[in-house]
Amino acid sequence: SQQGCDPFAQTQRSKLQHRRARINQQINKEMRMRAGAENLFRATSNHKVKETVALELSYVNSNLQLLKEELEELNSSMDVYQNESESISVPMIPLGLKETKELDLLVPLKDFISEHYGEEGVLYEKEIREFMELRQAMRTPSRNEAGLELLMEYYNQLYFLDSRFFPPTKTLGVFFHWYDSLMGVPSHQRALAFEKGSVLFNLGALHTQIGARQDRASLPGLNQAIDAFQKAAGAFNYLKENFSNAPSLDMSAASLTMLVRLMVAQVQECVFEKMTLLRAQNDFLARLQLAQEAARVEDVYSLVHQTMSQPHVKDYVPFSWTTMVQVKSEHFKALSHYFAAIALCDCPAPSDAELLEQEKAFLQFHVTMPEGPSLRVLLQDPEERRKLGKAHLKKAIMKHEEAMRIHGLCKILRKMDILQEVLSFAHKRSLSKYSEIDHEEDFFETGEAPDIHPKTHQKPEIKSPNFSQVKVTDLFHRLGPLSVFSAKNKWYPARRVHLMRGENGFGFTLRGDSPVLIAGVIPGGCAAEAGLKEGDYIISVNGKDCKWSKHAEVVQLLKSTGKEGVDIGVITLQGSECPKAVDRKAAVMSSGSGMLKSNKENSRKSLMNSKSASTLLVWSKKSKRSKKSTYSGVPFTTVGDNEAMY
Numbered sequence: 001s002q003q004g005c006d007p008f009a010q011t012q013r014s015k016l017q018h019r020r021a022r023i024n025q026q027i028n029k030e031m032r033m034r035a036g037a038e039n040l041f042r043a044t045s046n047h048k049v050k051e052t053v054a055l056e057l058s059y060v061n062s063n064l065q066l067l068k069e070e071l072e073e074l075n076s077s078m079d080v081y082q083n084e085s086e087s088i089s090v091p092m093i094p095l096g097l098k099e100t101k102e103l104d105l106l107v108p109l110k111d112f113i114s115e116h117y118g119e120e121g122v123l124y125e126k127e128i129r130e131f132m133e134l135r136q137a138m139r140t141p142s143r144n145e146a147g148l149e150l151l152m153e154y155y156n157q158l159y160f161l162d163s164r165f166f167p168p169t170k171t172l173g174v175f176f177h178w179y180d181s182l183m184g185v186p187s188h189q190r191a192l193a194f195e196k197g198s199v200l201f202n203l204g205a206l207h208t209q210i211g212a213r214q215d216r217a218s219l220p221g222l223n224q225a226i227d228a229f230q231k232a233a234g235a236f237n238y239l240k241e242n243f244s245n246a247p248s249l250d251m252s253a254a255s256l257t258m259l260v261r262l263m264v265a266q267v268q269e270c271v272f273e274k275m276t277l278l279r280a281q282n283d284f285l286a287r288l289q290l291a292q293e294a295a296r297v298e299d300v301y302s303l304v305h306q307t308m309s310q311p312h313v314k315d316y317v318p319f320s321w322t323t324m325v326q327v328k329s330e331h332f333k334a335l336s337h338y339f340a341a342i343a344l345c346d347c348p349a350p351s352d353a354e355l356l357e358q359e360k361a362f363l364q365f366h367v368t369m370p371e372g373p374s375l376r377v378l379l380q381d382p383e384e385r386r387k388l389g390k391a392h393l394k395k396a397i398m399k400h401e402e403a404m405r406i407h408g409l410c411k412i413l414r415k416m417d418i419l420q421e422v423l424s425f426a427h428k429r430s431l432s433k434y435s436e437i438d439h440e441e442d443f444f445e446t447g448e449a450p451d452i453h454p455k456t457h458q459k460p461e462i463k464s465p466n467f468s469q470v471k472v473t474d475l476f477h478r479l480g481p482l483s484v485f486s487a488k489n490k491w492y493p494a495r496r497v498h499l500m501r502g503e504n505g506f507g508f509t510l511r512g513d514s515p516v517l518i519a520g521v522i523p524g525g526c527a528a529e530a531g532l533k534e535g536d537y538i539i540s541v542n543g544k545d546c547k548w549s550k551h552a553e554v555v556q557l558l559k560s561t562g563k564e565g566v567d568i569g570v571i572t573l574q575g576s577e578c579p580k581a582v583d584r585k586a587a588v589m590s591s592g593s594g595m596l597k598s599n600k601e602n603s604r605k606s607l608m609n610s611k612s613a614s615t616l617l618v619w620s621k622k623s624k625r626s627k628k629s630t631y632s633g634v635p636f637t638t639v640g641d642n643e644a645m646y
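Here the sequence shown is numbered in full-length UniProt numbering, starting from 1 and rising by one per residue.
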């Protein structure tokens, strides 16, 4: 029999469709507003107007972020609040990705290829389009490992783009446009470093989104969240240490410092949650440890709050973030006092065997010693324990109330039912504990409980990005080995030379691989007659491209020529006409025995390893020049060992 579909499910689905449509309409409206504001921002030179527009842009941008998050929530799951486990995870702060405009590199790159490399630009259209497709895909990475790999792949590909198309003295003339992640204000720069930095920022932001999505009620989810936030901290920290003078506020040193600290605090919060999952909490020492972990979380969040309140940062950090951080700081301070009270009131007095260990732990537990009897007496006397426990609970309740008060000040946070639930649950739990241990006949004034000394068993790590984990091949590989065919090298137009073979061979020494170098020319020999010079690179033999050829392959091609001789294409690097750097031993021709040892120095593998993707990182493009070559990028290594005369 045919099954009808559930009418209730149908109405739920159509409701969903309506909500999606409504959110998409709002997104389109905000996008139109942003486009208008952006044009005004660019057009006006009036400082006051610019400030107003920047403020408007920041509102539009935060609205867009929220709408997109809402859409994402709708699309990913409807049971956001129906977490099976009874512990509710407190929301974390994820970052929105920086947005960028499309970039058309077809003409600039084709022009550069014909001007600089002397090749037909049109022959490289496929590679250029492939690069542009990769950039297009990188704008909307998926929130998972594949999305992270996509950003890494693009970042690594930029290393090659830089080496091939960005000479130290001039730019390509294209602008890279990126929007500020927090403010939505547009910035643009010609420096490729801005593109690299923005991709790196998005790598960090994507890690924060992945971390915030984990189900932290389970151990695997917690470990993944810890890993994601540590990697986010690593990306922001790497950006701060390797880039400077960013044109947008979200990538300023002050902002990145704040983001690193925020991520570290979120890791510390996960560590606390992990302890509550793992430890049997009814044991005295475990509860002291939980109290100290909570104090540690409070500590790191109050540092984040201070950082967010600094002059250069407070104007553009969303108010909801600053409030959330302050709420968490108060909330975890309350928890530290709550767990201290539970340890004192719910655990039996120690046996003689346990006393020493408990005394030792309690000695380092408070920031200052509690007033009253000695620790030993306190631990063994249930009434004294109750008194101090009550003081801790009183402080916990004050802090819970403060957290709820601050939470109520922020409209966006008030909409977050989960946070509201967590705060009121913790508050009620402390209140009921207080009424349970409060005796009517208590005539003593509840003292002031000292704060708990912060301590953690798992220090957050800042994990730097590991760029080598995503292997990429240079899309513009066909231009030739980077050691020679790069943007920073200049060479004279390629020459075609017809070479005959004399009775003593061609009369030159060759060295190295990809491309093979003419290391020496014998005066009066065939090579000298034909016009070959020391320092020339062989790029073709009889029309066959030899830029990537190994030493032995070129030798084979030369040896297989008959009486009619051979056509050789060569180029000379500018500035290398007089290679003083070549050890004079080069003139002493080695015997043929060494001729087939390949010189790995030129191979692009070693190039990728020796100059990892992390060079050339400053906005102002101060590249760290490799010191390998003695002149003009020609890697002269061991001379005499792997060259031979032909």
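Quick reminder that beta carbons are idealized off the backbone N, C-alpha and C, glycines included. From a predicted model like this one, the values you see are computed outputs, not experimental measurements.
Helix, strand or coil for residue i per DSSP?
i                 : result
serine 187        : strand
arginine 19       : helix
phenylalanine 236 : helix
leucine 409       : coil
histidine 312     : helix
aspartate 583     : Below a pLDDT of 50, predicted positions are generally treated as unreliable, and aspartate 583, at 39, falls in that range; the measurement from the model is reported next regardless. Coil at aspartate 583, not helix or strand.
tryptophan 548    : coil
serine 540        : strand
arginine 261      : helix
valine 300        : helix
glycine 502       : strand
lysine 597        : Any answer about lysine 597 is weak, because its pLDDT of 32 lies below 50 and its placement is not dependable; what the coordinates show is given next. Note: lysine 597 maps to coil in three-state DSSP.
In whole angstroms, what separates the C-alpha of residue i from that of residue j?
i                 : j                : result
proline 247       : alanine 253      : 11 Å
leucine 409       : alanine 341      : 29 Å
glutamine 289     : valine 271       : 12 Å
glutamate 371     : glutamate 357    : 21 Å
serine 432        : cysteine 345     : 13 Å
glutamate 564     : glutamate 149    : 53 Å
phenylalanine 166 : valine 484       : 14 Å
valine 53         : glutamine 268    : 38 Å
proline 108       : methionine 416   : 49 Å
histidine 116     : lysine 490       : 8 Å
glutamate 38      : histidine 457    : 49 Å
lysine 544        : isoleucine 568   : 9 Å
lysine 428        : phenylalanine 41 : 50 Å
proline 465       : tyrosine 434     : 48 Å
Going by the CB atoms, is the gap between residue j and residue i shorter than 8 Å?
i              : j              : result
valine 521     : leucine 532    : yes
glycine 234    : lysine 463     : yes
glycine 147    : leucine 95     : no
methionine 404 : leucine 388    : no
leucine 479    : arginine 164   : yes
proline 481    : lysine 411     : no
glycine 204    : alanine 232    : yes
alanine 343    : serine 430     : no
tryptophan 321 : isoleucine 27  : no
isoleucine 210 : arginine 261   : no
valine 497     : valine 555     : no
leucine 67     : glutamate 30   : yes
serine 514     : serine 486     : no
serine 336     : alanine 291    : yes
methionine 263 : methionine 308 : no
alanine 353    : glutamine 380  : no
serine 329     : arginine 216   : no
Taking 7 Å as the cut-off, is the C-beta of residue i nearer than that to any heavy atom in the ligand ZN?
i             : result
aspartate 567 : Ligands displayed in this structure: none; no statement on the ligand ZN is therefore possible.
With a cut-off of 8 Å on the beta carbons, I'd call residue i and residue j a contact; round off their distance for me.
i                 : j                 : result
leucine 499       : alanine 527       : 7 Å
tyrosine 154      : arginine 135      : 6 Å
leucine 475       : phenylalanine 112 : About 14 Å separates the two Cβ atoms, so there is no contact after all.
valine 300        : isoleucine 406    : Rounded, the Cβ-Cβ distance is 17 Å, inconsistent with contact.
leucine 192       : leucine 161       : 7 Å
glutamine 214     : glutamate 461     : The pair is not a contact, with the Cβ atoms about 17 Å apart (cut-off 8 Å).
glycine 502       : glycine 525       : 7 Å
phenylalanine 236 : leucine 219       : Rounded, the Cβ-Cβ distance is 26 Å, inconsistent with contact.
Any chance the region 349–366 sits against the region 293–300, with 3 or more Cβ pairs inside 8 Å?
-> No, the region 349–366 does not touch the region 293–300.
Is the region 300–315 touching the region 391–406 in the sense that three or more CB pairs, one from each, lie closer than 8 Å?
-> In short, these stretches do not touch, since the Cβ pair count stays below three.
The region 94–109 touching the region 178–193, judged by at least three CB pairs closer than 8 Å = Yes, the region 94–109 is in contact with the region 178–193.
Counting Cβ pairs, one atom from each stretch, are 3 or more of them under 8 Å apart for the region 463–470 and the region 530–547?
-> No: the two stretches stay apart, fewer than three of their Cβ pairs being nearer than 8 Å.
Taking contact to mean at least 3 C-beta pairs separated by less than 8 Å, is the region 216–228 in contact with the region 190–201?
-> Not touching, per the Cβ criterion.
Assess, as a yes-or-no matter, whether the region 51–64 is touched by the region 184–195 under the definition of 3 or more beta carbon pairs within less than 8 Å.
-> Because the criterion of three Cβ pairs below 8 Å is met, the region 184–195 and the region 51–64 touch.
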